[in-house]
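Worksheet: the structure to be examined is printed underneath.
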Amino acid sequence: MSTPSNPDPRIDQAGATDESLLAAHEKLLGQHKDEKGHYRLQPLAVLFFFCGLILFGGTYLSSYSGLFDARVFDEHGQPPKAGAPVAKLDPREVGKKLFNNAACNTCHQVNGLGTPGVFPPLAGSEWVLGSEERLIRIVLFGAQGTLKVKGVDYPPTSQMPAFGKVPGSGYNWTDEKIAAVLTYIRSEWGNNASAITPEQVAAIHAKEGDRKSYTQDELLKLP
Amino acid sequence: MKNGLVFFVGLFAALALSWGAIVLGSHRQLGALAPFYDDSESASFPARPTGLAARGQLVYADLGCASCHTQQVRRPDFGGDQARGWGERQSVARDYIFQLRPQLGGARVGPDLTNLASRKPSAPDTDDLLKLLYTGSPLHPAYAFLFEERAIAGERSAVALKLTAGLAPAAGREIVPTERALSLVAFLLSLNTSYDYPESRPLPKAAAKKDAGHGAAPAAKKEGEKK
Amino acid sequence: MTIASTNAEVTAIDTQARWPLLLMLGGALKWLVVAGVLSLIVSIQLHSPAFLAEYSVFTHGRAVAMAETAFVYGWAANAGLALALWILGRLGGEPLRALNWVVVGTYAWNIGVAIGIVGIAIGDATSFSLLQMPGYAQPLMLVGYAAIAVSGILAWSGRRTDGTFASHWYAIAALFLFPWLFSAAQAMLVWTPVRGVLQAVAAGWFAQGVWTLWLAPLALAVAYYVVPKVTGRALSGYDFAPHGFWTLIVIGAWTGGRHLVGGPLPAWVATLAIVSCTLLLFHTLVVALNLRGAFGGGGTALKFIAFGVGAYVFGGLLDAVTAFRSVALVTQFTHFTTAQQQLALYGGVSMILFGGIYFAVPRLTGRPWASAAFVAGHRVTVVLGIVLLVVSLAAAGWIQGHDLNNPKISFADIALHTRPWLLLATAAQLILLSANLLLLVNFVRSVGACCCCGEETAPAEAPFRPAATMEAHAS
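Chains as they are written, first to last, in the working numbering: chain A, 980 to 1202; chain B, 1212 to 1438; chain C, 1346 to 1820.
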């Protein structure tokens, strides 16, 4: 029974009983082919659509999932390969952070000029720009006694502490850290000397072993 | 469908499978995320928020600030987030591990707040935020109920708002932020995720260019990547 | 107790279930009006932030949470459950059992929702979308739900025919899955919260589950029943209906990361959701195929359901398109997402539920609706309201999205650009509120008319013509 032409908006007439509704649809579910035994076109098109969606979904998933890695936040990315180094930070940046982390800047100041008569400057200092053998030892093992920097004597009371992993050091910095901070001071404030590598620091550390801080005379004996 | 038990099992399995994959799967990956220790700074990131800031986040949550503000910065080539100065890098999971109730938000009627405390050229300070919360603006509702107007007893309170002209209360009275207002502001001023984790660094330009293309393009081969 | 096989449209199934179901439907319509008022407040605050800002209970964030809770858990839940129970009863061929439990459950659920909304107002909202009600309200809701669902499950297991119909599957799926969704979400987010951004994942899984595994099935159960009932013809392409059903259930739950595109989560979470939204297009196609009979028919119920099915299908398409990152770039975090939500909840689910209500209530009360004018008035205004709301929010969101991605445009300018559209959206909310008031008044009058007469006296004229038998034409 089709719906009447002027339906009362206050009530909807039923077109079929509940039992026949159930029975009719049960019959439909039982059918797979029509009477002639052919498959109908409509189901095939729907099937193709479904397969197309699956194909699309699969390729999209493989391209943009970062292989389900927890470290890939950009869908274009790939998981980092095992053993591949993480993008290294610039040693100057690392050195700058170390310098300003209340380790060096308290005495040598952020501008590298030190305090006249108390703490020597690093900007334009011959110790910083000159021999790497001497400079590395100063930072690794510390310096004691009077030190002459840019023609000015700095008293023994202003001790340069040991920063390397030596007994008595409060810092115990790794060779990488020392190399980074030295690279920084050698290229900041107008200084323009070569970078220092962690290998250089490690070699000197291995050669000298554990020892107490250097005096100016000992340093000047080095090449 | 006739077999009732199979039907229920199928329904349950569908739900359980999705829960297992999405929720448990991401929990397995991110549930034990530890802070990242940086040797050169001798500190681990992110830092735990102070107790006041943590309480402030709960105030933020119960006021529903997340209905207008997000706290997630998208990556550089995805929208104008970084150009607007909302962050120098995209937000990653590690930024939220110490937050009791991360308020990622879902709408940007107002700006993103992830790095409110490190906005350049100048970040807002306590007074700016308290004033905004008390008076509101044409774009931002006022939260006057977070403040108390009371008579000045003895001398002015140290945290009383410095208001001028029409906004100032009557003589002999002051506007004092409540504990909720102070903790909310402390939370807002603790929002700073500038540390650069390895996973937050953007992809190198070369790799990104190779993969750039229509999202529907099947199997875009990444020759550089797949070895 | 068996029903003698007659062609009577109204039987003891309807008369016995009358008061519990009318109680639920009345509650639903009241909640709809409450939600309408709250949504109006929210809409005004978007363009005039100072509106009600001095009252902490109506501060914008809380108003949004309250409106959403009242709409989904007040209106949609009550109406959907009532219609699902009624349909399960009719298809089962036996009067509904455990109706006392249904009444208890209805009170428990609605008291829980009311406590939840008051809790949000005083500041205990959980801040999770669609789970905003505080933890202390949730157990009561769960218990109430279980009490209501028992009747539905009994109607299904005690059915007279062996086979089942699409409405059975959808209704039972909704009844069965919601408690699991709800309690899992409570465990992960409220009682023992997971860590950091995992809360966003769990909340996303829950919110998408509420839509795909609960609200959509409830609406589809109603649509699948009313369309063939009114047209008298079997649904076309029905042999795909089981595939459409299982696609929704199996794949719908995987769309959890839908709104986390570009977020602080590994890329696979969002990619999985995008793929799932696309695969759901199959389900959308099947629904469109099956229910296209609604578009030809006349009568109130079919007109509502036709709009609802159209909105549901369009919404599904839109959902798949906006899931992709290149589109989400613009639509994410904007009013466009709200527009989609309104299209789905109001245009899709609610319109289908309205159709079901218009179909069911005369059969429950035994007499037609009280006022034809109100019926027509409701229909016209609610369609106008929804179209206006969705279009204006979508326009506002589109503009907002493009402006947000242009760093030179300040938020003051964005507010200026979107203001006209947000004003239109407020007008739309006002229209919708008045539309739903019409429905509530009509409902109260219809039920009142029935109340005055006793249980057994029939109205002056028999309102229902005997129904014919449906033929199983494969069309």
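Glycine included, each C-beta is placed from N, C-alpha and C at the ideal position. Keep in mind the model is a prediction, meaning the values are calculated, not measured.
When the five nearest sequence neighbours on each side are left out, the beta carbons in the same chain lying within less than 8 Å of the beta carbon of phenylalanine 1120(A) are those of Ala1141, Gly1143, Val1145, Glu1187, Arg1190, Lys1191, Ser1192, Tyr1193, in order along the chain. Cysteine 1279(B) counts as buried, since at least 16 other C-beta atoms from the protein chains shown sit within 10 angstroms of its C-beta. By the neighbour-count definition (other C-beta atoms within 10 Å, threshold 16), tyrosine 1271(B) is a buried residue.
Residue environment for isoleucine 990(A): buried (at least 16 other C-beta atoms within 10 angstroms of its C-beta). Taking every protein chain shown into account, the CB of glutamine 1138(A) has fewer than 16 other CB atoms within 10 angstroms, so this residue is exposed. Between asparagine 1635(C) and serine 1581(C) a beta carbon distance of about 7 Å is seen, short of the 8 Å cut, so the two are scored as contacting.
Under a criterion of Cβ atoms nearer than 8 Å, no residue of chain C is adjacent to phenylalanine 1247(B); the nearest Cβ is some 14 Å distant. In the DSSP assignment, the residues bridged to glutamate 1385(B) are Arg1361(B). Under the criterion of beta carbons closer than 8 Å, valine 1458(C) and isoleucine 1493(C) do not qualify as touching, at roughly 13 Å.
Between isoleucine 1233(B) and leucine 1617(C), the gap from beta carbon to beta carbon is short of 9 Å. C-alpha of valine 1632(C) to C-alpha of alanine 1689(C): approximately 14 Å in a straight line. In terms of beta-carbon proximity, leucine 1630(C) lines the interface with chain A, with at least one pair separated by less than 9 Å. Boundaries of the alpha helix (DSSP H) harbouring tyrosine 1345(B): 1337 to 1346, taken from the DSSP string.
About 4 Å separates the beta carbons of alanine 1373(C) and alanine 1424(C), which is inside the 8 Å limit, making them a contact pair.
Below 8 Å, enough C-beta pairs join the stretch 1612 to 1630 of chain C and the stretch 1660 to 1678 of chain C to call them touching: three or more.
With its beta carbon at least 9 Å from every one in chain A, histidine 1762(C) lies outside the interface. Chain-ordered listing is empty here: chain C has no CB closer than 7 Å to the CB of valine 1396(B), the nearest sitting near 17 Å. With a beta-carbon spacing of about 10 Å, alanine 1362(C) and leucine 1433(C) fall beyond the 8 Å limit used to define contacts. In terms of Cβ geometry, valine 1595(C) and alanine 1225(B) form a close pair [threshold 9 Å]. Between the alpha carbons of glycine 1109(A) and tyrosine 1406(B) lies a distance of about 35 Å. Nearest in C-alpha terms to leucine 1738(C), of all of Leu1767(C), Asp1748(C), Gly1730(C), Gly1722(C), is Leu1767(C). If one requires a minimum length of 4 residues, the alpha helix (DSSP H) runs lying completely within the stretch 1217 to 1250 of chain B are 1236 to 1241, in chain order.
Sorting Leu1436(C), Ser1621(C), Ala1518(C), Met1486(C) by C-alpha distance to the C-alpha of alanine 1500(C) places Leu1436(C) at the top. Residue state for tyrosine 1408(B) is assigned as coil, using DSSP reduced to three classes. Taken in chain order, the complete alpha helix (DSSP H) segments of 4 residues or longer contained in the stretch 1132 to 1190 of chain A are 1154 to 1164, 1177 to 1187. In the displayed model, phenylalanine 1256(B) falls within a strand according to three-state DSSP. Contact of arginine 1165(A) with chain C by beta-carbon distance below 7 Å is absent, the smallest such distance being about 39 Å. The shortest CA-to-CA distance from arginine 1724(C) to any of Trp1364(C), Ala1552(C), Gly1589(C), Gly1692(C) is the one to Gly1692(C). Under the 10 Å beta carbon count, asparagine 1171(A) is surrounded by fewer than 16 other beta carbons and is classified as exposed. Burial is judged here by how many other beta carbons sit within 10 angstroms of a residue's own beta carbon; tyrosine 1570(C) has at least 16 and is buried. If only uninterrupted alpha helix (DSSP H) runs of at least 4 residues are considered, those enclosed by the stretch 1671 to 1708 of chain C are 1680 to 1687. Here the alpha carbons of isoleucine 1386(C) and phenylalanine 1396(C) stand approximately 8 Å from one another. Taking all protein chains in view, the Cβ of cysteine 1030(A) is surrounded by fewer than 16 other Cβ atoms within 10 Å, so the residue is classified as exposed. Within 10 angstroms of the beta-carbon of aspartate 1338(B) lie fewer than 16 other beta-carbons, which makes it exposed. Residues Pro1177 of the same chain have their beta carbon placed closer than 6 Å to that of glutamate 1155(A), with the five preceding and five following residues left out of the count. For alanine 1392(B) against leucine 1344(B), the beta-carbon gap comes to about 6 Å, under 8 Å, which counts as contact.
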